Each structure stands twice: as structure tokens, then as C-alpha cells.
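Visitor: The following block contains the structure, expressed as C-alpha cells.
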Amino acid sequence: MCMVKAFAYGSGSVEIAKTLQHHRADYLAVAVADEGAELRTAGIRIPIVVMNPEKSAFPVLFENNLEPEIYSFKLLKDFIAAAGKQALTDYPVHIKIDSGMHRLGFDPADMEPLIELLKNQNQVKVRSVFSHLAGADDPRLDDFTHQQISTFSACADKISSAFSHQILKHILNSAGTERFAEYQFNMIRLGIGHYGISSLPEIHLKQVCAMKTIVLQIKKVKAGETVGYNRNGKVNEDKMIAVLPVGYADGFDRKLGNGVGEVYVRGQRAKVIGNVSMDLITVDVTGLKVQEGDVAEIFGDNISISEIAQKLNTIPYEILTGISRRVKRVYFQE
């Protein structure tokens, strides 16, 4: 199962989904029904799971043949009733178990009444049972991870043994797949991993995306002058600066201003000088042979997403999903 929620982690959901469909991924997963509907409109025909469905989205689910995660008795009863009104039978659903993360999901104590409810109707059919690991990327939490896996396995066995058809089981996310491969069950859920980012330093994946811009203008700034809003970019000696058309509206965080962030241009790094604006940044290119029109890398082969995330005290997910849709995506295959 491949996660293409949140605009495919900022990479472009339709284009990524088409590639995954071409390579015969078994399942795609999105967060909300409208994301799945967009993929159906674009011609995606492989199964799509909606991870955070709500009652108001049921018509979109039915119209686009989207398979919901079911995480509570109320949602299950409402969905059974809605499917019945549509005269549907055996509509595929995916049962979420709360194995200890305490977000969405049925509690382990719910298994008997859950099974009874599922067996006494024919509107829905369980396609898979799954759970989510809270800290698979953190060795300090390995005991808890094993506890989660044990809890999930027991619940999944109870559900699968109550029905004659095959029910898929899955709990591993990207980090779980890297560190707990023995618990793959029938399926894994790849998220940030198939975008080329690992939480483990010993795992060297190839980042699949880069963000680049160009140099709009080169300017000389004299000692004692300032650059940018609030005059925060103080210049103590004569400098050459480059102005680049990228800003916080594009996903270049304001906290990367004033020497924190860098870009890669002409084979060297250049620090951001002054505040990050909505649409522009300025970088110090003193001593570099930079010209207007040169390509500057925001992240890619020379500046990793993980490095930027570390500077911002956040995670790579936030960097990727924070890139706005106005940033042009260009796709290529090697």
C-alpha cells in the first residue's frame, strides 16, 4: 500500500499515483475522500483506501468506489446503514485497531462486539485489519513497538478467524518496514520511504525530488546597509547578494532566514541573508561567480530535506508537505 495523501507528500498526487499504478501497486491510500475522488477523475483505477473518512463523505466514497478505514462503532453502523440504502453488499472496508497510539481505532476490548456486528450484516466486507506504530523509527521505543505488534496480531487473528474469506493484515509503515521486516504480515504501507527519505542514518535511499529556483538579480550592498524586511540583514562589509524567487508562500520557512538556511549555487553553498519574504529570499554570494539566471538548489543532491528539517527542529514530512501547489512540479524518469 502506497501513501499518496497530502498531494503525495508534496510531490503531486496524480502523477505519483499514475506511476504507482503503472508499477502495479496493490493499494493507494489517501487521508480524505476528496483526495481519492481526484485520483479517480484522473484515471486511477486501483483500490484506494480513505484513512480518515467521516459520515459526510459517504456519497463521495460510494460514487468513486473508495474503501474506507473504519475506526469506531458509530462510523461502522452509519456506513452499514448508508450502504444498505444504496443496496450495496460486501462493500470493502478496512478495520483500524488502536494498538497503543491512541488516535483512531477500535480498542482491543472491542473485538467481540465488533465481530458480532460485522457478522450480522452483509453490507460491508472486511478487506483488511491494520494498526499504526507510534515509534518504529526510535530504538528507545522498541519495547513499546513490540507490544503494539503483539496487541495488533492478537486482535487481527480474532477478526480473521471469525470469517472464511482472506483478510489482509498490516501494521508496518516505512520505518517499521526498515526495522521490523519480520512483521510484514500480508502487506506494508510505504509513506515517506518511497519518496526516498529514511529516518535511519544507515539506510541510504535516493531522494526522489529536488526543489530548484533561479537567480533573478545580483546586487552589491555596501557595508553598513541592510537587506530585507525590518532591516534584519545587517551588512558589516561590502557584499554581493542574489535575489531568488522563492519564499515562505512556497514552503521556504521564515525560520531559515538570517543565516540559518542555505541554497546551493555554482557548486557552493550560499547563506540566506535577511528575512525570508513571502515570495523572495536574498543570499550572500560574495566571492562566488554567480550570474543572473543561474539555477539554485533549495534541496536536492547537495542539500537534503533531512538537513533542512534538522535546522528547523522538525521532520522531513513537514518540509515536503509544506511546499505549496504554486511551485511548478516537473517530472522525469531515469
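So in our numbering, spot 172 of the sequence shown is number 1545, and the numbers just go up one at a time. No residue lacks a Cβ here, since even glycine has one placed at the ideal position from N, Cα and C. Source: prediction; values computed, not measured.
1) According to DSSP, is residue 1376 helix, strand or coil?
2) Alpha carbon to alpha carbon, how far is residue 1671 from residue 1463?
3) Apart from the five residues on each side of it in sequence, which residues of its chain come closer than 7 Å, Cβ to Cβ, to residue 1596?
4) On a Cα-Cα basis, can you pick out the residue from 1432, 1444, 1469 and 1643 that is closest to residue 1461?
5) Going straight from the alpha carbon of residue 1653 to that of residue 1580, what length do you get?
6) For residue 1425, tell me which candidate among 1452, 1401 and 1477 has the shortest Cα-Cα distance.
7) Does the distance from the C-beta atom of residue 1558 to that of residue 1529 stay below 9 Å?
8) Would you give the residue range spanned by the alpha helix (DSSP H) that residue 1552 belongs to?
9) Taking contact to mean 3 or more Cβ pairs, one atom from each stretch, closer than 8 Å, check whether the region 1523 to 1541 and the region 1465 to 1473 are in contact.
10) For residue 1413, report the span of its beta strand (DSSP E) as first-last.
11) Assign residue 1414 to one of two classes, buried (16 or more other C-beta atoms within 10 Å of its C-beta) or exposed (fewer than that).
12) Taking all protein chains shown into account, decide if residue 1625 is buried (16 or more other Cβ within 10 angstroms of its Cβ) or exposed.
13) Return the first residue and the last residue of the beta strand (DSSP E) that residue 1448 is part of.
14) Strictly under 9 Å for the Cβ-Cβ distance: is residue 1673 near chain C by that measure?
15) Provide the residue span of the alpha helix (DSSP H) that contains residue 1435, from first to last.
16) Report the option in 1614, 1691 and 1490 whose CA atom is closest to the CA atom of residue 1662.
17) Which of helix, strand or coil does DSSP assign to residue 1484?
18) By DSSP, does residue 1467 sit in helix, in strand, or in coil?
19) Are residue 1509 and residue 1548 closer than 9 Å when you measure CB to CB?
20) If you measure between the beta carbons of residue 1506 and residue 1546, is that distance less than 9 Å?
21) Please report the distance separating the alpha-carbon of residue 1439 from that of residue 1706.
22) Over the uninterrupted beta strand (DSSP E) stretch that includes residue 1637, give me the two end residues.
23) What is the C-beta distance between residue 1532 and residue 1499, in whole angstroms, given that I count them as a contact (C-beta under 8 Å)?
24) Beta-carbon within less than 7 Å of residue 1496's beta-carbon, same chain only, minus the 5 sequence neighbours each way: which residues are those?
25) My guess is that residue 1503 and residue 1467 are in contact by the Cβ rule of under 8 Å, so how many angstroms apart are they, rounded?
26) What do you get for residue 1623, buried or exposed, if any count of 16 or more other CB atoms within 10 angstroms of its CB means buried?
27) Does DSSP put residue 1519 in a helix, a strand or coil?
28) Looking only at its chain, what residues have a beta carbon closer than 8 Å to the beta carbon of residue 1651, apart from the 5 residues adjacent to it on each side?
29) Would you give the residue range spanned by the beta strand (DSSP E) that residue 1612 belongs to?
30) Ordered along the chain, which non-local residues of its own chain (more than five positions away) have a Cβ less than 7 Å from that of residue 1571?
31) Looking at residue 1406: is its Cβ nearer than 9 Å to the Cβ of residue 1423?
Guide: Straight from the coordinates:
1) Three-state result, residue 1376: strand.
2) Each residue's Cα considered, the two are about 48 Å apart.
3) Result list for residue 1596: 1608, 1609, 1610 and 1611, in chain order.
4) Proximity to residue 1461 across 1432, 1444, 1469 and 1643 peaks at 1432, based on C-alpha coordinates.
5) Spanning the two alpha carbons is a distance of roughly 25 Å.
6) Taking only the C-alpha atoms, the option nearest residue 1425 is 1477.
7) Annotated as proximal: residue 1558 and residue 1529, with beta-carbon spacing under 9 Å.
8) 1547 to 1552 is the span of the alpha helix (DSSP H), which, as asked, contains residue 1552.
9) With the cut-off at 8 Å, the region 1523 to 1541 and the region 1465 to 1473 touch.
10) Where residue 1413 is concerned, there is no enclosing beta strand (DSSP E), although the alpha helix (DSSP H) it sits in stretches over 1406 to 1414.
11) With fewer than 16 Cβ atoms within 10 Å of its Cβ, residue 1414 is classed as exposed.
12) Buried: at least 16 other Cβ atoms inside 10 Å.
13) Where residue 1448 is concerned, there is no enclosing beta strand (DSSP E), although the alpha helix (DSSP H) it sits in stretches over 1446 to 1458.
14) Absent from the structure: chain C. Only one protein chain is present.
15) Where residue 1435 is concerned, the enclosing alpha helix (DSSP H) starts and stops at 1431 to 1436.
16) Ranking 1614, 1691 and 1490 by Cα distance to residue 1662 puts 1614 first.
17) DSSP, read as helix, strand or coil, puts residue 1484 in helix.
18) The answer is strand: DSSP assigns residue 1467 an E or B state.
19) In contact: residue 1509 and residue 1548 (Cβ atoms closer than 9 Å).
20) Yes; because the gap between Cβ atoms is below 9 Å, this pair is in contact.
21) C-alpha separation (whole angstroms): 29 Å.
22) Segment 1635 to 1638, the beta strand (DSSP E) holding residue 1637.
23) With 8 Å as the limit, residue 1532 and residue 1499 qualify as a contact, their Cβ atoms being about 7 Å apart.
24) Around residue 1496: 1453, 1456, 1457, 1461, 1462 and 1464.
25) That belief holds up - the Cβ atoms of residue 1503 and residue 1467 are roughly 6 Å apart, short of 8 Å.
26) It is buried - the Cβ of residue 1623 has at least 16 other Cβ atoms within 10 Å.
27) Correct three-state label for residue 1519: helix.
28) Listed in chain order, the non-local C-beta contacts of residue 1651 below 8 Å within the same chain comprise 1620, 1621 and 1622, local neighbours out to five positions each way being set aside.
29) Looking at the DSSP string, the run of the beta strand (DSSP E) that includes residue 1612 is 1612 to 1617.
30) Counting only Cβ-Cβ distances below 7 Å, and skipping sequence neighbours, we find 1551 and 1578.
31) Going by C-beta atoms, residue 1406 is nearer than 9 Å to residue 1423.
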